[in-house]
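Structure record follows, encoded as structure tokens.
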Amino acid sequence: MGDKPLSVKDYPLAETCPERVTGHRGKALDALTIEAVLSGELQMEDLRITAEALRRQAEIARDAGRAALGRNFERAAEMTKVPQAVVMEVYELLRPGRAPSKDALLQAAQGLREEYGAEALAGLVEEAAEVYEKRGLFRTRY
Amino acid sequence: MSNSYDANRWKRFDDWDARPLRHDQFAVEDPENGFSAFAGAADPKPGLTVGNGRVASMDGIPAAEFDMIDAFIAAHHLDMDVAEEAMAIPSERLARMLVDMNVPREELVRLARGLTPAKLAEAVAQLNAMEIAFAYSKMRARKTPGNQAHVTNAKDDPLQLAADAAVAVALGFDEIETTMRVARNSWSNALACCVGSVVGRAGTLFQCSSEEAEELEIGMAGFTSYAETVSVYGTESAFVDGDDTPWSKAWLAAAYASRGIKMRCTSGAASELLMGYHEAKSLLYLEARCLCLQRGMGSQGTQNGGIDGAPLASSIPGGVREIWAENLLAVWLDLECASGNDARHSESEMRVAAKVLPFLIGGSDLICSGFGSILKYDNSFNPSSFNGEELEEFLVLQRDFEADGGLTPIEDASALGLRRRAVDALSHVLKDLGLAEPTEVMKRSVAVASGSNDTESFAPRDVAVISDRISSRGITVIDVIRSLYGGGFREEAENLLFLVKLRVSGDYLQTSAIIRDGHVISAINDPNDYTGPGTGYRVSEARRAELAAIRNVLDREEVLRREAASEAGEARAVEYRTMGPAERGADPGEVVVGVSPGFGTKIFRTLAGHPLSAVLRALRDGIEAGGGRMRVLRIRHTADTSFLGLSAARLSGSGIGIGIQSKGTAVIHQKDRLPHNNLELFSNAPVTTLAHYRALGENAAGYAKGDMPAPVVVPTQGEALGARFHARVALTYAIETKMCENNASPEALEIHFAEGADGG
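Encoded structure:
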């Protein structure tokens, strides 16, 4: 696996290149053992998918002709860097009637871009802001 | 009786009113009010105009007037590189391509990326039900079919969840879905099913359907591996009422993937109609919008095909065809399809079976997006099309059609063993983690229980406490793995670790991924390559043997074994003495009874279970009551009832004979009649009583005297006697025909009934 994008031939990653598949703290798949669980060495962070793995899955999805799925994996890759609380905050803001105005969404987008380098996610939120304004979705629901 | 002659309607309508079908409420087609499967009053004509590489109008709506659904579809679904080419193809031609096995799936999937919702809907609407079913089978994404189970119970009892999850795994379900009666029990349900689902085999994916934020948290704690509650709707108002937008759902899609959790969206016909915002559009057009949205947001798959709206969709003319059509749209758009057959759409079992059939015989990524593996009353979603009650019917349908519905029969003994193991494993974890103290009575009651009405287990309040403890103490799947291993449940611990490791590579995030034999298979490495007979998914010999291995099947040895069990009793009740070649009789009062070759030698009971000695005794009593005398012969050249009877009649001094097979089928014959033109026939041996045989004997004696007695009628209640008995009949009869010898002459028999024995 060099610089060339991965293809369907590289799938499944856990079987074709297990040594390249690691959790968030860099532990490779074969280090995720029962012994590591018992010793307390293995933590939930080690079972979290990385941005790299998601980007590789995106390349495989694109090679299989699934660009839209690939774009979702790329957004997900960015989101691996976003803390859970922020993920849920922005989700809440994207629901109808939660953001009082376009600005709230644009600010959230700016935050995603600046703090987490999440360009694609920011773009999605900005696009939502445009459409919500056009469709009057900033109305209060409760 | 006389009263009933005054009825003012044909009484058959009363019979029909009493059928379960009549609980179904059907509705008139009313496109203005949203009651139209394929042709809504406000459905747009397909169309697409493009300016400066952007969509200028779609399905007749200018970009400036797009609602949020149009806007999302235009921005994220439509692929400008293929849209012009695809939209130029007439819908009728697209429809023909869908059913043409020479047009590969990939080509149709490529074109779908450039088709608008109205165009997609118009194309599939051209197909009749059979064409839709065929096209679905050709277009579905993964080659190997699978299935999904609901595992819930009315008490949210964790012990029962674990036991039922283990059974669902043994049955072969690829995914298990749970939900709660009480929302706060979600963590307890998740932990319980998680433990149960790793008993016996690794790799069954599990989800806990709950509130969006909590579902994601439960997933992050490692208890669940997939989600399918990301619902989308086909009108803007319904979407907003559902408290989401396409962008908030797209955000969730990314959120699940970012945590390594498999995700599919949900949509289904008539949800907009149920929610009161149908915009006078057809079920199919609205669903086409939903599915384009899902593809656009990068969902790998969909749960669709009616779902909660299935009963309403099915109330409309063509509603079930529409449900199939929307499933076809889903796979044409290259989405994994958990193809509904979930919420029971009818009280009629025939309607249920008819609806599921294409998916059973043609395969689907997940045939049911919730097969109730538990009893109906324990299903916290709602009764499914198939439930614990009907599970064996599904297994038999698989066997009938040699079709892989994803399930494998289980045996009594192994099922109970698995349930005990699951209950023990979970009980250990609950105790070990300080969550609860299950008692022996609880455990034993759950292991054998068919449903929660039979259990003495946790009360709902206990479950809430367990659930709160898991959540507040931050217990994760790692704690559970450690606990299982420490308690000696090492295989389960390894299985659970295997499952959570899947999320690290993300291989199971790709389209249509499930786990088989420890490997992820998906549309990437197991693509549906159907291009005609001999291609696509085929049931292997080994799999065929699994599908065939249902309970209680009969074979020749079993028939002989059962007969052998009756042999000793019959040996005490009657003695057949062979007296040499039979002569033609001269007694005008005699009735000759011709018995078949195996009568009392290999076979000892009729299909109704009467000992043959008792049958002979009843015939004799009847004949004597009619003033005749019985003479018995064994016919050796035939076992056919008519010829037994005619052969007996031709040797009878009165010209009247009775032919009787060992299975109990009997005939009265007369020497001058044609073989199949007898006097009386008892063809329904399973419902023929000893009293009937006695009456038969009496009538035979009557015919011998030249009387014309009233024929004996053996009433039936419409039982499917063929289904109940024909396997045994064929095996029994084959034993008799094998004993026949060409040209062998009849033998005289002397019958000695044991004194006092009634043959019982």
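If you read the protein sequences in the order shown, they are chains R and Z. For the first sequence, the numbering used here assigns the number 42 to the initial residue and increments by one for each residue that follows. For the second sequence, the numbering used here assigns the number 674 to the initial residue and increments by one for each residue that follows. Yeah, the Cβ is synthetic: ideal placement off N, Cα and C, and Gly gets one too.
Indicate whether the contact test is met: 3 or more Cβ pairs, each with one atom in the stretch 997-1012 of chain Z and one in the stretch 717-725 of chain Z, closer than 8 Å.
-> In this structure the stretch 997-1012 of chain Z does not lie against the stretch 717-725 of chain Z, because fewer than three pairs of beta carbons, one per stretch, are closer than 8 Å.
Taking only the alpha-carbon atoms, compute the straight-line gap between Z/S764 and Z/R994 and give it to the nearest angstrom.
-> Within the second sequence, numbered from 1, the residue matching residue 764 of chain Z stands at position 91. Within the second sequence, numbered from 1, the residue matching residue 994 of chain Z stands at position 321. Computed Cα separation, rounded: 18 Å.
At what residues does the alpha helix (DSSP H) containing Z/E1409 begin and finish?
-> Against the second sequence, residue 1409 of chain Z aligns to sequence position 736. For Z/E1409, the uninterrupted alpha helix (DSSP H) run begins and ends at L1394 to M1412, by DSSP.
When the cut-off is 9 Å and only beta carbons count, does Z/T1184 lie next to chain R?
-> On the second sequence, position 511 is the one that residue 1184 of chain Z refers to. By this cut-off, Z/T1184 is an interface position.
For the stretch 764-798 of chain Z, enumerate the residues whose C-beta is nearer than 9 Å to any C-beta of chain R, in chain order.
-> Listed by position along the chain: E779, V782, R783 and R786.
State the start and end residues of the unbroken beta strand (DSSP E) segment that holds Z/V1264.
-> In the second sequence, the residue the question calls residue 1264 of chain Z occupies position 591. E1263 to V1268 is the extent of the beta strand (DSSP E) around Z/V1264.
Taking the continuous alpha helix (DSSP H) assigned at Z/S1140, which residues delimit it?
-> Within the second sequence, numbered from 1, the residue matching residue 1140 of chain Z stands at position 467. It spans P1133 to S1145 - the alpha helix (DSSP H) in which Z/S1140 sits, taken as one unbroken run.
In the DSSP assignment, find the alpha helix (DSSP H) that holds Z/Y929 and state where it starts and stops.
-> Within the second sequence, numbered from 1, the residue matching residue 929 of chain Z stands at position 256. Note, Z/Y929: alpha helix (DSSP H), P919 to S931.
Which listed residue (Z/L1091, Z/N977, Z/Y1181 and Z/L771) has its alpha carbon closest to that of Z/V1193 | For the purposes of this step, residue 1193 of chain Z is taken as residue 520 along the second sequence, with counting starting at 1. Cα-wise, what sits closest to Z/V1193 is Z/Y1181.
Beta-carbon proximity of Z/S1125 to Z/D830, cut-off 9 Å | For this step, residue 1125 of chain Z is matched to residue 452 along the second sequence. For this step, residue 830 of chain Z is matched to residue 157 along the second sequence. Yes.
Euclidean distance between Cα positions of R/L95 and Z/S1156 | On the first sequence, residue 95 of chain R is found 54 positions in, with the first residue counted as 1. On the second sequence, residue 1156 of chain Z is found 483 positions in, with the first residue counted as 1. The straight-line gap separating the alpha-carbon atoms of R/L95 and Z/S1156 is approximately 31 Å.
Between the stretch 1134-1154 of chain Z and chain R, which residues of the former have CB atoms less than 9 Å from a CB of the latter, in chain order?
-> When CB distances to chain R are screened at a threshold of 9 Å, the residues of the stretch 1134-1154 of chain Z falling below it are T1149, V1150, I1151 and I1154, in chain order.
If we count the other Cβ atoms within 10 Å of its Cβ and call it buried at 16 or more, is Z/N801 buried or exposed?
-> Residue numbering aside, residue 801 of chain Z sits at position 128 when the second sequence is read from its first letter. Using a 10 angstroms sphere on the CB of Z/N801, the tally of other CB atoms stays under 16, which defines it as exposed.
Check whether Z/F1272 and Z/S1356 have beta carbons under 9 Å apart | Translated into positions along the second sequence, residue 1272 of chain Z becomes position 599. Translated into positions along the second sequence, residue 1356 of chain Z becomes position 683. Contact check for Z/F1272 against Z/S1356 fails: the beta carbons are separated by 9 Å or more.
Take Z/L1220 and list the residues in its own chain whose beta-carbon comes closer than 6 Å to its own, dropping the five residues that flank it on each side.
-> The count along the second sequence starts at 1 and reaches residue 1220 of chain Z at position 547. The answer, listed in chain order, is Q1071 and R1072.
Contacting residues, own chain, Cβ-Cβ under 7 Å from Z/E887 (five flanking each side not counted) = Walking along the second sequence from the start, residue 887 of chain Z turns up at place 214. The beta carbon of Z/E887 lies closer than 7 Å to those of S859 in the same chain, with the five residues before and after it left out.
Contact with chain Z by R/R103, beta-carbon distance below 9 Å | Taking the first residue of the first sequence as 1, we reach residue 103 of chain R at position 62. Interface criterion not met: the Cβ of R/R103 is under 9 Å from no Cβ in chain Z.
Which of helix, strand or coil does DSSP assign to Z/Y1050?
-> Taking the second sequence and counting its residues from 1, the one referred to as residue 1050 of chain Z is at position 377. Of the three classes helix, strand and coil, the one that applies to Z/Y1050 here is helix, per DSSP.
Residue-chain proximity (R/Q151, chain Z), Cβ-Cβ < 9 Å = Taking the first sequence and counting its residues from 1, one reaches residue 151 of chain R at position 110. Chain Z contact via Cβ: absent.
Output the distance between the C-alpha atoms of Z/A747 and Z/L985, rounded to the nearest integer angstrom.
-> Within the second sequence, residue 747 of chain Z is the residue found at index 74, counting from 1. Within the second sequence, residue 985 of chain Z is the residue found at index 312, counting from 1. Distance between the alpha carbons of Z/A747 and Z/L985: 30 Å.
Test: Z/T975 CB closer than 9 Å to a CB of chain R = Position 302 of the second sequence, counting from 1, holds the residue named residue 975 of chain Z. Not an interface residue.
Let me know if R/Q98 comes out buried or exposed under the rule of 16 or more other beta-carbons within 10 Å of its beta-carbon.
-> Locating residue 98 of chain R in the first sequence gives position 57, counting from the first residue. By the 10 Å Cβ count, R/Q98 comes out buried.
Return the chain-ordered list of same chain residues with a C-beta closer than 7 Å to the C-beta of R/T181, the five sequence neighbours on each side being excluded.
-> Counting from 1 along the first sequence, the entry for residue 181 of chain R is found at position 140. A distance below 7 Å between beta-carbons, with the five flanking residues on each side excluded, links R/T181 to the following residues of its chain, in chain order: G138.
Out of curiosity, what's the CA-to-CA distance linking Z/A1417 and Z/G1326?
-> Along the second sequence, one-based indexing puts residue 1417 of chain Z at 744. Along the second sequence, one-based indexing puts residue 1326 of chain Z at 653. Near 21 Å, if we compare the C-alpha coordinates of Z/G1326 and Z/A1417.
Does the beta carbon of Z/S904 sit closer than 9 Å to a beta carbon anywhere in chain R?
-> Here the question's residue 904 of chain Z lines up with position 231 in the second sequence. Interface flag for Z/S904 against chain R is unset, since no Cβ pair is found closer than 9 Å.
Hey, Z/Y1366 and Z/V1288: beta-carbon distance below 9 Å or not?
-> Position 693 of the second sequence, counted from the first residue, corresponds to residue 1366 of chain Z. Position 615 of the second sequence, counted from the first residue, corresponds to residue 1288 of chain Z. Yes, these two residues count as a Cβ contact at 9 Å.
Residue range of the alpha helix (DSSP H) that Z/A791 falls in?
-> In the second sequence, counting from the first residue as 1, residue 791 of chain Z sits at position 118. Z/A791: member of the alpha helix (DSSP H) spanning P790 to A798, first to last residue.
So, do the stretch 1302-1321 of chain Z and the stretch 1253-1268 of chain Z have three or more beta carbon pairs nearer to each other than 8 Å?
-> These segments touch.
How about Z/F1162: is its C-beta nearer than 9 Å to some C-beta of chain R?
-> Counted from its first residue, the second sequence places residue 1162 of chain Z at position 489. No, its Cβ sits nowhere closer than 9 Å to a Cβ of chain R.
Could you give the residue range of the beta strand (DSSP E) that holds Z/P1254?
-> Here the question's residue 1254 of chain Z lines up with position 581 in the second sequence. Residues V1247 to P1254.
Which residues, in chain order, does the stretch 826-859 of chain Z contribute to contact with chain R at a C-beta distance below 8 Å?
-> Taking 8 Å as the Cβ-Cβ cut-off against chain R, none of the residues of the stretch 826-859 of chain Z qualify.
Can you round the beta-carbon distance between Z/A1120 and Z/R1092 to whole angstroms, since I take them to be within the 8 Å contact cut?
-> Locating residue 1120 of chain Z in the second sequence gives position 447, counting from the first residue. Locating residue 1092 of chain Z in the second sequence gives position 419, counting from the first residue. Indeed they touch by this definition, with Cβ atoms about 5 Å apart.
Buried or exposed: R/P124, going by 16 or more other Cβ atoms within 10 Å of its Cβ?
-> Translated into positions along the first sequence, residue 124 of chain R becomes position 83. Classification of R/P124: exposed, given that the 10 Å Cβ count is below 16.
How would you call Z/R1094, buried or exposed, if buried means at least 16 neighbouring beta carbons within 10 angstroms?
-> Counted from its first residue, the second sequence places residue 1094 of chain Z at position 421. Under this definition Z/R1094 is a buried residue.
Please classify Z/K935: does DSSP put it in a helix, a strand, or coil?
-> Counted from its first residue, the second sequence places residue 935 of chain Z at position 262. In this structure, Z/K935 counts as strand in the three-state DSSP scheme.
Contacts around Z/F699, its chain only, beta-carbon distance under 7 Å, and the 5 residues preceding and following it disregarded | The sequence position of residue 699 of chain Z within the second sequence is 26, counting from 1. Sequence-distant Cβ neighbours of Z/F699 in its own chain, meaning closer than 7 Å and more than five residues away, are S988.
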